[in-house]
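Working notes, structure below.
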Amino acid sequence: MDIVKVIKRLIVWDIVLVIMLLVDEYIKEGYLIKIDDFIKPFTHENILSILITTLIILIVLLKREKKES
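Letter by letter, the sequence shown follows residues 3 to 71 of the working numbering.
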């Protein structure tokens, strides 16, 4: 399997998870993001920051792979 395809699929899954997490946060808490919750472990915001960091890393990897090809 081509690594570029795998990275693209991971990016799509990551974006879907971010959207689902934001919807869940809005439904449960009534707001999208609360800055104070980024510090607390196991909150929606903490997981969101991990997913966004992962998304940035995947995009950088995708651009590197495309340059090498």
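C-beta: ideal position from N, C-alpha, C; glycine also.
First and last residue of the uninterrupted alpha helix (DSSP H) at residue i
| i | result |
| --- | --- |
| Ile9 | Ile5 to Glu31 |
| Leu64 | His46 to Glu70 |
Outcome for residue i when other beta-carbon atoms lying within 10 angstroms are tallied against a minimum of 16
| i | result |
| --- | --- |
| Asp26 | exposed |
| Ile9 | buried |
| Asp16 | buried |
Top-ranked residue by Cα proximity to residue i, from the options
| i | options | result |
| --- | --- | --- |
| His46 | Glu70, Ile5 and Ile35 | Ile35 |
Beta-carbon gap between residue i and residue j smaller than 9 Å
| i | j | result |
| --- | --- | --- |
| Leu23 | Ile49 | yes |
| Glu67 | Ile29 | no |
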